[in-house]
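Residue numbers (our numbering): 14 to 125.
Worksheet: one structure, shown below.
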């Protein structure tokens with residue numbers, strides 16, 4: 014099992030999760046974070062820290078595509094271990110459906 018970051022992180026990107034991760038397995042994209050599934054130790058401390066409830070265990074049904082997305086971008090985006098300010102409009106995008114198709118960016122973030 015591993016944890017994955019799902020659609021609700023897109024354009025929210027709160028980053029509370031990165032500071033509690035004991036193995037620094039979060040990677041930063043332009044408008045979301047991902048978890049490297051081979052680095053995650055399945056401790057679960059990140060899941061309750063996410064205000065957008067975007068982190069889920071990969072054992073939940075229907076998350077295969079998110080596991081693939083997390084794995085793909087964790088290999089190319091920079092590592093992030095320190096919390097930064099979320100986007101100014103994060104609250105406006107929290108819970109908005111269809112963010113993957115409408116707002117996902119494959120561009121990397123800045124990392125630490």
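Glycine included, C-beta positions come from ideal geometry on N, C-alpha and C.
What you are looking at is a predicted structure, and each value in this text was computed from that prediction instead of being measured.
Once DSSP output is grouped into helix, strand and coil, what is the label at residue i?
i	result
residue 76	coil
residue 24	coil
residue 52	coil
residue 69	strand
residue 17	strand
residue 47	strand
residue 99	coil
Spatial neighbours of residue i within its chain, please: CB distance less than 7 Å, with the 5 preceding and 5 following residues excluded, ordered by chain position.
i	result
residue 65	21, 22, 25, 27, 107
residue 84	50
residue 75	none
Assuming residue i and residue j form a contact by the criterion Cβ under 8 Å, report the distance between their Cβ atoms to the nearest whole angstrom.
i	j	result
residue 86	residue 36	Between residue 36 and residue 86 the Cβ distance is about 17 Å, and since that is not below 8 Å, they are no contact.
residue 90	residue 40	4 Å
Can you tell me whether residue i is buried or exposed? The criterion is at least 16 other CB atoms within 10 Å of its CB, across all chains shown.
i	result
residue 93	buried
residue 56	exposed
residue 45	buried
residue 68	buried
residue 111	exposed
For residue i, which residues of its own chain have a beta-carbon under 8 Å away from its beta-carbon, when the five flanking residues on both sides are left out?
i	result
residue 14	55, 70, 71, 72
Residues in its own chain within less than 6 Å of residue i by CB, not counting five upstream and five downstream?
i	result
residue 131	An answer regarding residue 131 cannot be provided, because it is not within the stretch 14 to 125 covered by the chain.
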